[in-house]
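In what follows, a single structure is set out as C-alpha cells and then discussed.
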Amino acid sequence: MTLRISDKANLSVPRYTSYPTAPHFSGAVTAEIYKGWLQTLNPDEPLSLYLHVPFCKKMCWYCGCNTKVVARYDPVSDYADLLRQEISLLSNTLPGRFRISHIHWGGGTPTILSGDDFTSIMSLIAREFDYTENAERAIEIDPRTVDRQKIRTLAEADINRASLGIQDFSPRVQQAINRVQSYELTEEVVHTLRQAGIEKLNFDLMYGLPTQTVEDILRTVDLSHQLGPNRIALFGYAHVPWMKSHMKLIKDEDLPDTEARLQQSEWAAQRLLDLGYKQVGFDHFASVTDDMVLALEAGTLQRNFQGYTTDTATTLIGIGASSIGKSPMGYVQNSTPIHDYKAALEHGHFPVAKGIETTIDDDMRRQVIERLMCDLSVDLSAIAAKYDQELSYFSVELEALSEFEEEGLVILTNGKLSITPSGRQLVRVICALFDIYLDQGLARHSKAV
Ligand SMILES: C[S@@+](CC[C@H](N)C(=O)[O-])C[C@H]1O[C@@H](n2cnc3c(N)ncnc32)[C@H](O)[C@@H]1O
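Structure below.
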C-alpha cells in the first residue's frame, strides 16, 4: 500500500544526529574500551568538545533535553567540580597535546554555572589543550537567565558564538509551554552579546507547539529576522511524553495535528527563504555568507548531536552527564544519573554508560544518512565503491525508494539519490530506509515532520 505524504510525515523516525542512533547503544562499550579508543587518537587531528550542563532554573514543558530544575547552586557547584575532574582525566589519558576546533556548551542551561566556575573550566581547557585557528567556542543561552556581567564573563572566556532559545514570541504559546520571554528581553540580550563581541548568533525557533498557529510562527520569524541572527534553527516540537513526563502538562488537544505541523513548517521555511536565508539541511537556515552555507556548498557540512555543524573533526568528546561522543571507532555515552556519573569519576574512571563500536556496514550507512541529512542527495555508487562494493549493496533500499520516486519525492540517476523539494520534509523517513536497526523495535521516536 502506498502512503500519502501526510501519512509518511506521521511516521515515527529518528532525527539521525548519529548512526546507529542512541537507542542502539549498549553496555558493550565500557570505560576501559573507551580509554583504549582515546589512546589510539592522533594528536595531529583536531578534536571537538561537547560539555553538558543538566540544570535549569525552571522547566520548559516542551523540553526534550536531559535537564532538571534546581533551586540552589550547591548541586551545580558540585557538578562543576566533576566537569573539571573529567577534563583532567581526559587530558591525562590522551596520547599527547591535542588541538580543539569546536567547543559547544549545551544543556539544560550552561549559563547557570557561576562566572567563576565557567571561567575556571574554560581556563582548565586552555591549559590542557590548544585551539585551532578560528576555533569555535559556542554556548546555548536561555535569554531569561543572563545579565550583562554573565555575558562579559562569557566574552572574556573567549566564547564567540551563542545559540539563543526563543521558540515562539506569542504570549499565548509561551504560556502554554511555561516559558514566558518577551521580545524586548531577547532584543536586549542580543545587543549586549554584540557589544561584548559575541557576534555569531543562532536562534532556536520551534513549530508544532501547543496552541501555535501559522500566524504565530510567521510573526516569530519576522521578529527574529529584525534581530539579525546569522543562523536560525526551526525545530519541529518532538512530543514524547512517555520519555519526558513534564510534557504531559501540555494538553493533547492544544497540539497542532500533522497537517497543521506540515503547514507551519512549510510557511515558516518559505518566509525564511523570502527574507534571504538559505536553507541548510531540513531544519536550519543561515545568512548566505555564513560558514554553514559555505560548508553546505563545499559538501563538508556534518551532522552531530547538536544538529548541523561546520565542524569537520572526526572525534567529538562528550563531557558531562549524558553527553555523547563519537570517534572513528564508534559512539559512547556518559551516564545520565548524576550519581552514577559522579561515582565513576570518583573512582578515576571515565563515566561511560554505553556505546556502540561501529562496523563497516554502519560506516557506509552513516555516510549515506549524513549526506542525505546535510545535502539532500548522496552518491550511493561512490560510497559503495569506497568499500569495494557495487551499487547493488543497497538493492533493498533502492527497491523501497521506487515508491518515493513514483511520487516525485526523490530522483535516482546513475546511483545518485536526490531528494526533490517536495520530498525535503520527509528526509528523515528517506534516511530511515537505510537504517537497518530501525525494525528492531527498541525505541519510539517523534513524528517525521
Ligand atoms: C538543548 S536546548 C537548550 C536551550 C537553552 N537552555 C534555552 O532554554 O534557551 C536547545 C534547543 O532545543 C530545542 N528543543 C528542546 N526540546 C525540544 C523538543 N522536545 N522538540 C524539538 N526541539 C526541542 C529548543 O529549540 C531549544 O532552544
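Take 57 as the starting number for the sequence shown in our numbering and just add one per residue.
Positions of the beta carbon are idealized from the N, C-alpha and C atoms, including for glycine.
- Annotation: ALA377 to ASN390 spans about 6 Å, alpha carbon to alpha carbon.
- In this structure, the CA atom of ASN148 is about 46 Å from the CA atom of GLY471.
- Taking non-hydrogen atoms of ligand 1 into account, the C-beta of GLN223 is found less than 7 Å away from one of them.
- Around TYR333, the same chain offers ILE288, PHE341, ALA342 and SER343 as residues with beta carbons nearer than 7 Å, after the five sequence neighbours per side are excluded.
- The count of Cβ pairs closer than 8 Å, one atom from the stretch 165 to 173 and one from the stretch 189 to 200, reaches three, so the stretches are in contact.
- In the three-state scheme derived from DSSP, where H, G and I count as helix and E and B as strand, LEU97 is classed as coil.
- Its chain contains ASP224, SER226 and VAL229 as the residues whose beta carbon lies nearer than 6 Å to that of ASP272, once the 5 sequence neighbours on both sides are disregarded; these appear in chain order.
- THR248 has its alpha-carbon roughly 33 Å from the corresponding atom of ILE394.
- Per DSSP, the unbroken beta strand (DSSP E) holding GLN358 starts and ends at 358 to 360.
- Taking C-beta atoms as the reference points, ARG484 and VAL125 fail to come closer than 8 Å.
- Residue pairing for HIS340: DSSP places it in a beta bridge opposite ALA289 and VAL336.
- The beta carbon of CYS116 lies closer than 7 Å to those of ILE233, ASN234 and ARG235 in the same chain, with the five residues before and after it left out.
- Between PRO266 and ASP313, the CB-CB gap reaches or exceeds 8 Å.
- Not one heavy atom of ligand 1 sits closer than 7 Å to the Cβ of ASP339.
- Its chain contains PHE338 and LEU432 as the residues whose beta carbon lies nearer than 7 Å to that of ARG480, once the 5 sequence neighbours on both sides are disregarded; these appear in chain order.
- Here DSSP, grouped into helix, strand and coil, assigns ASP431 to helix.
- Between the alpha carbons of CYS121 and THR242 lies a gap of roughly 22 Å.
- Excluding sequence positions up to five before and after THR86, its CB lies within less than 8 Å of the CB of VAL408, all in the same chain and listed in chain order.
- ASN258 and PHE174 have their C-alpha atoms spaced approximately 21 Å apart.
- Membership of THR314 in the alpha helix (DSSP H) is indicated by the continuous run 314 to 330.
- Cα atoms of PHE111 and LEU352: separation of roughly 33 Å, rounded to the nearest angstrom.
- Along the stretch 128 to 166, the alpha helix (DSSP H) occurs as fully enclosed runs of 4 or more residues at 130 to 149, listed in sequence order.
- Under the Cβ criterion (8 Å, minimum of three pairs), the stretch 401 to 416 counts as touching the stretch 85 to 99.
- Beta-bridge partners of GLY363 (DSSP): ASN360.
- Nearest C-alpha to LEU279 among ARG208, GLU240, VAL466 and GLY292: GLU240.
- The beta-carbon separation of LEU97 and LEU150, rounded to 6 Å, stays under the 8 Å limit for a contact.
- In the structure shown, HIS302 adopts helical secondary structure according to DSSP, grouped into three states.
- Taking 8 Å as the cut-off, the Cβ atoms of ARG421 and PHE490 count as close.
- If you ignore the 5 residues before and after TYR129, its C-beta comes within less than 8 Å of the C-beta of SER170, all in its own chain and listed in chain order.
- Burial is judged here by how many other beta carbons sit within 10 angstroms of a residue's own beta carbon; SER157 has at least 16 and is buried.
- For secondary structure counted as the beta strand (DSSP E) over 3 or more consecutive residues, the stretch 241 to 297 holds these complete runs in sequence order: 256 to 263 and 287 to 292.
- The beta carbon of GLY152 sits closer than 6 Å to the beta carbons of PRO99 from its chain, once the five residues preceding and following it are set aside; these are given in chain order.
- Listed as beta-bridge partners of ARG193 by DSSP are ILE159.
- Of all alpha-carbon atoms in ALA218, LYS256, MET385 and GLY363, the one lying nearest the alpha-carbon of THR370 is that of MET385.
- Beta-carbon to beta-carbon, VAL388 and TYR364 are separated by about 22 Å, too far to satisfy the 8 Å threshold.
- Bounds of the beta strand (DSSP E) holding GLU413 are 408 to 413.
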